[in-house]
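Written out below as structure tokens is the structure these notes cover.
There are 2 protein chains.
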Amino acid sequence: MQPTLYGEYRKLDRGGEARRSLAYLRLRRAIQNAIEFGAFPPGHALPSERDLAKKLALSRVTVRKAIGGLVEDGLLTQRHGAGTFVAERIVKSFSRLTGFTDDLRARGLKPRVKFLERGVGEVTPEEAMALNLSPGADVIRLRRLRFADDKPLAVEATVVPAAVIADPNAIKLSLYDALGQIGCRPTRALQRLRAIALGADDAELLECDTGSPALAIERRAFLDDGRVVEFTTSLYRGDAYDFVAELHGG
Amino acid sequence: MQPTLYGEYRKLDRGGEARRSLAYLRLRRAIQNAIEFGAFPPGHALPSERDLAKKLALSRVTVRKAIGGLVEDGLLTQRHGAGTFVAERIVKSFSRLTGFTDDLRARGLKPRVKFLERGVGEVTPEEAMALNLSPGADVIRLRRLRFADDKPLAVEATVVPAAVIADPNAIKLSLYDALGQIGCRPTRALQRLRAIALGADDAELLECDTGSPALAIERRAFLDDGRVVEFTTSLYRGDAYDFVAELHGG
DNA sequence: CGTAATGATACCACTTTCATACCACTGATT
DNA sequence: AATCAGTGGTATGAAAGTGGTATCATTACG
């Protein structure tokens, strides 16, 4: 039997001794399940917010909160006056290859970004090497200060070939969201991690002392065809970010 | 029957005899067990601090102390005004783990190991927590200094339950070889990486200045049945070692 | 005697949830 | 073209529950 939205929601109700999840999160999971199991094909309209609220005995605020999250994730699309629809191009949710924003959201922290620089320019020789581009090609440069719950956590310098994203302003919060929307979400990445001492400039941005330890991460992300879509150098405050990895195999 | 949080807590109470852990440590272990045995799936809410305190006849201060530790470990997430939740793990999957020895060889460096300590002792509370052992159990402790071309590169402290390997001298070169020979080769490991400043002792061993940045890696390796067979804390000189990881999505 | 663990209590800030109401837009009907 | 029912977008207020924090008292231990 095909899962229904209402059935999915009620199924998630069982919680044993644990307090149930928050209603809007439960509903959100229910909708997401229904979509991923195919109960709602792409383009299909969801019941209206008022209908959902009434049928599930929830308030419209709660329903909107659930839907809102999925809209932000690109799973749903809303059109003012028309309705809520399953997005045509569903961005595969990558459980493992995630960017900073997803990481923080998964941890329940509020991500915030302050742009220090956002512009277009010509590649430097080093960038050309890292991105595998020809000299003279254009790239987008981003320099971002990242906050978690309003505490500075990392400075990040990102270089993206202009051939991938032409308009720097298309990147609002998450680079990976922007890449996903144009179907260029990377499937593989190489990271290089090391510990360094913070320089004066970066230390000031991160509101800690010069020379304090930081985690430096360089990442090159690849598409299926091998093109590099991103080269990012990040400095994470050593006392504020842990990198957790799960290893498999024998 | 699935373990429950309250059941877990009371079970730990019966440890009885002379050695009863502090209440907040016991509760902390109980919660951790409940999570790791799946009683609380990721994303689900714990009972509120007030509920826990009331049901377990503890004060809220004690409950908060227990929860606080797990939050710091990244196992739980708290949101002001919302509740306490089992953290969704940020998992980076390393498909190819560049082992220490192989990596050095690839760089044309000669690896060498010097044992600083190798013996049996009783677990400390922290180790008991990491290895999920009862207080008073015996463990093997290894402390090794790793060199590349005769320059110190890392200090490594490893703890293995004596229940797994009884004789410390059975471990000659590679811990994983020794584990494999008795059929206890781990299939899964969790690593935690962060940047720290070196303390005086470790700095001296690594022949660099106190306070210089280092890469701290904690690793817990698991068997199929979930038992922890190894807990290792490594400190790599920040200026001498890069950690390279390959990430996969989809 | 001091310290640490624990308990009891109170208050604050925040989130969730509900109940309304009204606005702005869409699409189809008239 | 005008209308209208249904949609999402926004705002308000209120109640209940949550974690965050502080204070003070009690107990156990060295």
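Protein chains in written order, with this note's numbering: chain A, 65 to 314; chain B, 65 to 314.
Here a beta-carbon is modelled for each residue, glycine too, at the ideal position from N, C-alpha and C.
*Could you please give me the residues that DSSP links to Asp202 of chain B through a beta bridge?*
By 1-based counting over the second sequence, the position of residue 202 of chain B is 138. Its beta-bridge partners are B:Glu186.
*Closest Cβ-Cβ distance between Ser276 of chain B and chain A: below 8 Å?*
Position 212 of the second sequence, counting from 1, holds the residue named residue 276 of chain B. Yes, Ser276 of chain B lies at the interface with chain A (some Cβ there is under 8 Å from its Cβ).
*Identified DSSP bridge partners for Thr222 of chain A*: One-based indexing of the first sequence puts residue 222 of chain A at position 158. Looking at the DSSP assignment, Thr222 of chain A forms a beta bridge with A:Leu206 and A:Thr296.
*If you compare alpha carbons, which of B:Lys178, B:Leu180, B:Phe179 and B:Leu195 is closest to Glu186 of chain B?*
Counted from its first residue, the second sequence places residue 186 of chain B at position 122. When each option's Cα is compared against that of Glu186 of chain B, the closest is B:Leu195.
_Closest residue to Asp214 of chain B among B:Leu180, B:Thr251, B:Val184 and B:Lys174 (Cα-Cα distance)_ = By 1-based counting over the second sequence, the position of residue 214 of chain B is 150. That would be B:Lys174, whose Cα lies nearest to the Cα of Asp214 of chain B.
*Of all Cβ atoms in chain A, is any one closer than 8 Å to the Cβ of Tyr73 of chain B?*
On the second sequence, position 9 is the one that residue 73 of chain B refers to. No - not a single Cβ of chain A is within 8 Å of the one on Tyr73 of chain B.
*Using only alpha-carbon positions, find the residue among B:Gly290, B:Gly102, B:Arg301 and B:Ala304 that is nearest to Leu197 of chain B.*
The sequence position of residue 197 of chain B within the second sequence is 133, counting from 1. When only C-alpha atoms are compared, the closest one is B:Gly290.
*Residues of chain B with CB under 8 Å from Gly183 of chain A, in chain order?*
As a working note, residue 183 of chain A is residue 119 in the first sequence. Within 8 Å Cβ-Cβ: nothing; Gly183 of chain A doesn't reach chain B, min ~28 Å.
_Exposure of Glu152 of chain A, with buried meaning 16 or more beta-carbon neighbours within 10 Å_ = Here residue 152 of chain A corresponds to residue number 88 of the first sequence, with the count starting at 1. Glu152 of chain A is exposed by the Cβ-count criterion.
*Hey, how far is the Cα of Thr141 of chain B from the Cα of Ile131 of chain B?*
Locating residue 141 of chain B in the second sequence gives position 77, counting from the first residue. Locating residue 131 of chain B in the second sequence gives position 67, counting from the first residue. Computed Cα separation, rounded: 9 Å.
*Do the stretch 252-259 of chain B and the stretch 280-294 of chain B touch if we need at least three Cβ pairs shorter than 8 Å?*
yes
*asked:* Please report the straight-line C-alpha distance between Arg90 of chain A and Leu116 of chain B, rounded to a whole angstrom.
replied: Within the first sequence, numbered from 1, the residue matching residue 90 of chain A stands at position 26. Within the second sequence, numbered from 1, the residue matching residue 116 of chain B stands at position 52. Rounded to the nearest angstrom, the two C-alpha atoms are 22 Å apart.
*Bridge partners of Ala109 of chain A, per DSSP?*
As a first step, residue 109 of chain A is located in the first sequence; it is residue number 45 there, counting from the start. Its beta-bridge partners are A:Phe149.
*In or out: Val223 of chain A buried (at least 16 other Cβ within 10 Å) or exposed?*
Translated into positions along the first sequence, residue 223 of chain A becomes position 159. Buried is the call here.
*The alpha helix (DSSP H) spanning Ile95 of chain A covers which residue range?*
Counting from one through the first sequence, the residue named residue 95 of chain A turns up at place 31. From DSSP, the alpha helix (DSSP H) with Ile95 of chain A extends over Ala87 to Glu100.
*Can you name the start and end residues of the alpha helix (DSSP H) that Thr126 of chain A belongs to?*
By 1-based counting over the first sequence, the position of residue 126 of chain A is 62. It spans Arg124 to Glu136 - the alpha helix (DSSP H) in which Thr126 of chain A sits, taken as one unbroken run.
*For Asp288 of chain B, count neighbouring C-beta atoms within 10 Å of its own C-beta (all shown protein chains included) and say buried if the count is 16 or more, exposed if not.*
Numbered from 1 along the second sequence, position 224 holds the residue referred to as residue 288 of chain B. The residue in question, Asp288 of chain B, is exposed, as its Cβ has fewer than 16 Cβ neighbours within 10 Å.
*Give, in chain order, every residue of the stretch 250-263 of chain B whose Cβ lies closer than 7 Å to some Cβ of chain A.*
Thr251, Arg252, Ala253, Leu254, Gln255, Arg256, Leu257, Arg258, Ala259, Ile260 and Ala261
*chain B contact residues for Gly302 of chain A, given Cβ-Cβ distances below 8 Å*: Counted from its first residue, the first sequence places residue 302 of chain A at position 238. By Cβ distance, chain B contributes Arg258, Ala259, Ile260, Ala261 and Pro277.
*Can you name the residues of chain B whose CB is closer than 7 Å to the CB of Ser85 of chain A?*
Counted from its first residue, the first sequence places residue 85 of chain A at position 21. Under the 7 Å cutoff, chain B gives Gly107, His108 and Ala109.
*Would you mind reading off the limits of the alpha helix (DSSP H) that contains Leu269 of chain A?*
Looking up residue 269 of chain A in the first sequence gives position 205. Unbroken alpha helix (DSSP H) run through Leu269 of chain A: Ala264 to Leu269.
*Under a three-way DSSP split, which group does Ala194 of chain A fall into?*
Here residue 194 of chain A corresponds to residue number 130 of the first sequence, with the count starting at 1. Of the three classes helix, strand and coil, the one that applies to Ala194 of chain A here is helix, per DSSP.
*Who are the near neighbours of Arg114 of chain B in its chain, counting only those whose CB is closer than 7 Å to its CB and skipping five residues on each side?*
By 1-based counting over the second sequence, the position of residue 114 of chain B is 50. Correct list, in chain order: Arg124.
_For Leu243 of chain B, report the span of its alpha helix (DSSP H) as first-last._
Here residue 243 of chain B refers to the residue found at position 179 when the second sequence is read from its first residue. Where Leu243 of chain B is concerned, the enclosing alpha helix (DSSP H) stretches over Leu239 to Gln245.
*Run the CB neighbour count on Ala267 of chain B, radius 10 Å, all protein chains shown included, and call it buried at 16 or more, exposed below.*
The sequence position of residue 267 of chain B within the second sequence is 203, counting from 1. Classification of Ala267 of chain B: buried, given that the 10 Å Cβ count is 16 or more.
*Closest residue to Leu299 of chain A among A:Phe286, A:Val293, A:Ala285 and A:Ala264 (Cα-Cα distance)*: Start at 1 with the first residue of the first sequence, and residue 299 of chain A comes out as number 235. Comparing Cα-Cα distances from Leu299 of chain A to each of A:Phe286, A:Val293, A:Ala285 and A:Ala264, the minimum goes to A:Ala264.
*Among B:Lys129, B:Ala192, B:Lys119 and B:Glu136, nearest to Glu294 of chain B - alpha-carbon criterion*: Against the second sequence, residue 294 of chain B aligns to sequence position 230. Checking every option, the nearest Cα to that of Glu294 of chain B belongs to B:Ala192.
*Would you say Asp306 of chain B faces chain A, with C-beta separation under 8 Å as the test?*
Taking the first residue of the second sequence as position 1, residue 306 of chain B is located at position 242. Asp306 of chain B counts as touching chain A.
_Extent of the continuous beta strand (DSSP E) to which Leu139 of chain B belongs_ = Your numbering for residue 139 of chain B matches position 75 in the second sequence. Counting along the chain, Leu139 of chain B falls outside any beta strand (DSSP E), and DSSP gives it neither H nor E.
_Out of B:Arg252, B:Leu134, B:Val135 and B:Ser112, which one is the CA nearest neighbour of Gly145 of chain B?_
On the second sequence, position 81 is the one that residue 145 of chain B refers to. Considering only alpha carbons, the answer is B:Ser112.
*Can you round the beta-carbon distance between Ile229 of chain B and Leu206 of chain B to whole angstroms, since I take them to be within the 8 Å contact cut?*
As a first step, residue 229 of chain B must be located in the second sequence, where it is residue number 165. As a first step, residue 206 of chain B must be located in the second sequence, where it is residue number 142. Not really, about 10 Å apart at Cβ, beyond 8 Å.
_Counterpart residues of Ala261 of chain B in DSSP-defined beta bridges_ = Position 197 of the second sequence, counting from 1, holds the residue named residue 261 of chain B. DSSP lists B:Pro277 as partners of Ala261 of chain B.
*Take the Cβ of Pro199 of chain A as the centre, count every other Cβ of all protein chains shown within 10 Å, and call the residue buried at 16 or more, exposed below.*
The count along the first sequence starts at 1 and reaches residue 199 of chain A at position 135. With fewer than 16 Cβ atoms within 10 Å of its Cβ, Pro199 of chain A is classed as exposed.
*Return yes when the Cβ of Val135 of chain B is within less than 8 Å of the Cβ of Pro105 of chain B, no when it is not.*
Stepping through the second sequence from its first residue, residue 105 of chain B is reached at position 41. Stepping through the second sequence from its first residue, residue 135 of chain B is reached at position 71. No, Cβ-Cβ distance for Pro105 of chain B and Val135 of chain B is not below 8 Å.
*Report the option in B:Ala121, B:Ser238, B:Tyr70 and B:Pro216 whose CA atom is closest to the CA atom of Ala304 of chain B.*
Numbered from its first residue, the second sequence carries residue 304 of chain B at position 240. Ranking B:Ala121, B:Ser238, B:Tyr70 and B:Pro216 by Cα distance to Ala304 of chain B puts B:Pro216 first.
*asked:* I'd like to confirm the pairing. Which residues does DSSP put opposite Pro216 of chain A in its beta bridges?
replied: Position 152 of the first sequence holds residue 216 of chain A. Per DSSP, A:Phe211.
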